[in-house]
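**Student:** Got a structure here, written out as structure tokens. Questions coming.
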Amino acid sequence: MTDNKQAQHKNRMQGIKEKVDQRIDDAQEERGLIIVITGNGKGKSTSGFGTVARAVGHGLNAAVVQFIKGTWACGERNLLENAGVNFDVMATGFTWNTQDKAQDIAAAQTVWKRSKALLSDDNIDVVLLDELTYMLSFKYLNLDEVIAALKNRPAHQHVIITGRACHRAIIELADTVSEVQSIKHAFDSGVKAQKGIDW
Ligand code: ATP
Ligand code: MG
């Protein structure tokens with residue numbers, strides 16, 4: 153780089169830095185957040201568990217509620233339970249295969265009761281509601297009740313909600329929303345779900 157180009161680059165970077173520093177200074181509010189990770193791509197639950205691990209690493213109290221239990225136990229559970237994170241998993245292990253709607257609704261309600269207890273527990277700093285979105289899509293849970301519980305939670309408490317097709321009302325209520333878009337997935341090329349990667 154010529155001296156002139158280097159000076160131009162330095163100038164531009166300094167301008168960006170000043171703007172970023174100003175925005176960091178402006179963001180002074182501290183409160184619990186609702187974070188939604190939705191979309192069709194891979195990376196929603198892993199993001200949720202990653203945030204729980206991040207919180208636990210700072211000594212915060214976190215809890216996980218799983219609204220769909222996959223065919224396999226997830227690796228994060230083995231790790232995070234050892235770190236003191238409580239897991240509540242939907243009893244029937246609702247999957248796309250279950251045909252018993254009444255049983256699924258009852259199981260959703262039971263685990264939702266647990267979620268409500270966590271959402272009113274001052275000692276819990278972070279709650280992951282993994283795959284909650286499907287319970288609202290299928291109307292297994294009452295949307296207004298879910299929204300009320302989220303709104304009335306302790307002011308410092310963070311909540312992470314994952315799952316495809318998140319309801320508009322939850323997206324509006326949330327502070328941070330990310331949509332994971334699928335570009336491609338190994339499954340489409342015939343690769344079986346891999347331990348440690350997919351579960
Ligand atoms: P992960 O738990 O890996 O972060 P996810 O929570 O984003 O995935 P889910 O919709 O909950 O995705 O599906 C869980 C399982 O389905 C995982 O094994 C994941 O690899 C797989 N999966 C996720 N997205 C896709 C996709 N677009 N095509 C095929 N399989 C997918
Ligand atoms: Mg998931």
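First residue of the sequence shown: 153, per my numbering; consecutive thereafter.
Backbone N, C-alpha and C define an ideal beta-carbon position, used for all residues, glycine too.
Quantities reported herein were computed from a predicted structural model and do not represent experimental measurements.
#1: Mind reading off the beta-carbon distance from A317 to S289? Whole number of angstroms is fine, and I expect it under 8 Å.
#2: Would L271 and I312 qualify as a contact pair, given that the criterion is a beta-carbon distance under 9 Å?
#3: Closer than 8 Å: is that where the CB of L178 sits relative to any heavy atom of the ligand ATP?
#4: Would L185 be called buried (16 or more neighbouring beta carbons within 10 Å of its own) or exposed?
#5: Using the DSSP secondary-structure output, state which residues sit across from V311 in a beta bridge.
#6: Which residue from K336, G209, I189 puts its Cα closest to that of D277?
#7: So, helix, strand or coil for F239, using DSSP?
#8: Check whether the Cβ atoms of I323 and V188 sit closer than 9 Å, and answer yes or no.
#9: Mark T285 as exposed unless 16 or more other C-beta atoms lie within 10 angstroms of its C-beta, in which case mark it buried.
#10: A215 bridges to which residues according to DSSP?
#11: When you compare the CB positions of H319 and L295, do they come within less than 9 Å of one another, or not?
#12: DSSP three-state label for S330, please.
#13: Quick one, which of A214, Q218, K253, M242 has its alpha-carbon nearest N234's?
#14: Pick out every residue whose C-beta is nearer than 6 Å to a heavy atom of the ligand ADP: which are they, in chain order?
#15: Run the CB neighbour count on M287, radius 10 Å, all protein chains shown included, and call it buried at 16 or more, exposed below.
**Tutor:** Reading it off the structure:
#1: Beta-carbon to beta-carbon, A317 and S289 are separated by about 6 Å, close enough to satisfy the 8 Å threshold.
#2: I312 is positioned such that its CB atom lies no closer than 9 Å to that of L271.
#3: According to the sequence provided, residue 178 is Asp. The question's Leu does not apply to it. D178: no, Cβ never under 8 Å from the ligand ATP.
#4: It counts as exposed.
#5: Note: V311 sits in a beta bridge opposite I186, V279.
#6: Of the candidates K336, G209, I189, the one whose C-alpha sits nearest the C-alpha of D277 is G209.
#7: Looking at F239 - three-state DSSP - the assignment turns out to be strand.
#8: Cβ atoms of I323 and V188: closer than 9 Å.
#9: Buried: at least 16 other Cβ atoms inside 10 Å.
#10: For A215, the beta-bridge partners assigned by DSSP are N238, V279.
#11: Taking C-beta atoms as the reference points, H319 and L295 count as a pair closer than 9 Å.
#12: For S330, the secondary structure class from DSSP, reduced to helix, strand or coil, is strand.
#13: Ranked by Cα distance from N234, the options A214, Q218, K253, M242 are led by A214.
#14: Absence of the ligand ADP from the depicted structure is noted, with the ligand ATP and the ligand MG being the only ligands included.
#15: It counts as buried.
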